[in-house]
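Protein chains in written order, with my numbering: chain A, 173 to 347; chain B, 50 to 202.
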């Protein structure tokens, strides 16, 4: 019996690691941008192409940058949660319309509701590259001094907003 | 819904298998791009290199790399640019760091453990074999059995 103990132990350890691996999401790649200042950009606004939007315009408050597109399925999924968050007025959500067509983006917001005070248009996806965007939707929590504190990859849901985003936002607001 | 998301993620990898577009006029740039692109990962189709992937993001990143090459940036500078945005994960060869030591040294560690176990097991077996001693009578019986064996067709 004793000689089976070692293989059994190895097996148990292996199963433990594999089980852990099942729960990890390979799409969640840790972003090197956490703790760094927001990459600067200056992009035309969706509703008023004559005006530009830059993260520098927002100073002294905590805000969210939500990268979305009308062609993105996950964005549709998270939209109700964003609308609710916008309604609560706890934290402003600015939009970055990623590799999208203006008319389609505008129609999408008309249909789904617009949670963003301003949406910037990144048609070429170049600003997306600076932010390390690789799967929309993505959401960044940015603090009062313009430093990225958290990055959500994939759709936000009410649970994530309540459990992760809002506690962090409140903590940053009180600093 | 999660499954649907997966489909959305995977579709760009499968679709769009059209002919490669002529990329740039400068063949030297293309040679460098090719060499760099096989070292870089497409973040959308994570098991493909930037060279293999047809995902829109891979296309954008190839364009970005091409522009950096045209600006005469070194390979290291280009890789640093991408690592600053996407992390070490964009590199197909992870760098040797505190967090990746197990990854790099693990196989050698396993090899040493395996070799040691093998040597120990062999030695133990040899000892066991040497310990077997036969009495005079047993010897005779063995010889008898062996000679009987050879007589048979």
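Backbone N, C-alpha and C fix where the C-beta goes; we use that ideal spot for every residue, glycine too.
Please identify the residue among A:250, A:344, A:341 and A:279 whose C-alpha is closest to the C-alpha of residue 308 of chain A. Of the candidates A:250, A:344, A:341 and A:279, A:250 places its Cα closest to the Cα of residue 308 of chain A.
Residue 110 of chain B classed as buried or exposed, judged by whether at least 16 other C-beta atoms fall within 10 angstroms: Result: buried.
Pairwise C-alpha distance: residue 303 of chain A and residue 67 of chain B: Bear in mind that a pLDDT of 48 at residue 67 of chain B, under 50, signals an unreliable position, so the number given afterwards is only what the model happens to contain. Computed Cα separation, rounded: 29 Å.
The alpha helix (DSSP H) that contains residue 369 of chain A, what's its start and end? Coverage of chain A is limited to positions 173 through 347, which leaves residue 369 of chain A absent and any answer about it impossible.
If you draw a straight line from the alpha carbon of residue 140 of chain B to that of residue 226 of chain A, how long is it in whole angstroms? So the alpha carbons of these two residues sit roughly 30 Å apart.
With C-beta atoms as the reference, is residue 268 of chain A less than 9 Å away from residue 294 of chain A? Residue 294 of chain A sits close to residue 268 of chain A, with the two beta carbons spaced by under 9 Å.
Cβ distance (whole Å) where residue 290 of chain A is taken to contact residue 313 of chain A below 8 Å: Approximately 17 Å separates the beta-carbon atoms of residue 290 of chain A and residue 313 of chain A; this is outside 8 Å, ruling out the contact.
Sequence-distant residues of its chain with Cβ nearer than 7 Å to residue 100 of chain B (five each side left out): Around residue 100 of chain B: 83, 86 and 87.
In chain order, what are the residue ranges of uninterrupted beta strand (DSSP E) at least 3 long that sit wholly in the region 247-293 of chain A? Here the runs fully enclosed are 265-270.
C-beta contact flag for residue 134 of chain B and residue 301 of chain A at 9 Å: In this structure, residue 301 of chain A lies closer than 9 Å to residue 134 of chain B by Cβ.
What's the C-alpha gap between residue 197 of chain B and residue 177 of chain B? Straight-line Cα distance between these residues: approximately 28 Å.
Put residue 321 of chain A into one of helix, strand or coil per three-state DSSP. Strand, per DSSP.
Which residues, in chain order, does the region 157-186 of chain B contribute to contact with chain A at a C-beta distance below 8 Å? For the region 157-186 of chain B, the set of positions with a beta-carbon nearer than 8 Å to some beta-carbon of chain A is empty.
Helix, strand or coil: how does DSSP classify residue 199 of chain A here? Coil, per DSSP.
Neighbour-count burial assignment, residue 210 of chain A, 16 or more Cβ in a 10 Å radius: Counting Cβ neighbours within 10 Å, residue 210 of chain A comes out buried, since at least 16 surround it.
Backbone secondary structure at residue 95 of chain B - three-state DSSP: Coil.
Confirm, please, whether the CB-CB distance from residue 323 of chain A to residue 331 of chain A is below 9 Å. Their beta carbons are not under 9 Å apart, which means residue 331 of chain A does not touch residue 323 of chain A by this criterion.
Between which two residues does the alpha helix (DSSP H) carrying residue 128 of chain B extend? If you look at residue 128 of chain B, you'll find it in the alpha helix (DSSP H) that goes 124-135.
Near residue 248 of chain A, what residues of its chain come up, given a Cβ to Cβ distance below 8 Å and the 5 sequence neighbours on each side ignored? The residues are 284.
CB contact check: residue 100 of chain B to chain A, cutoff 9 Å: Not one chain A Cβ lies under 9 Å of residue 100 of chain B.
For residue 97 of chain B, decide whether its Cβ has a neighbour in chain A, counting only Cβ atoms nearer than 9 Å. The C-beta of residue 97 of chain B comes no closer than 9 Å to any C-beta of chain A.
Neighbourhood of residue 190 of chain B by C-beta, 6 Å cutoff - its chain only, sequence neighbours within 5 removed: Contacts found: none.
Spell out a yes or no on whether the region 156-168 of chain B and the region 108-122 of chain B are touching, meaning 3 or more CB-CB pairs, one atom from each, closer than 8 Å. No contact exists between the region 156-168 of chain B and the region 108-122 of chain B.
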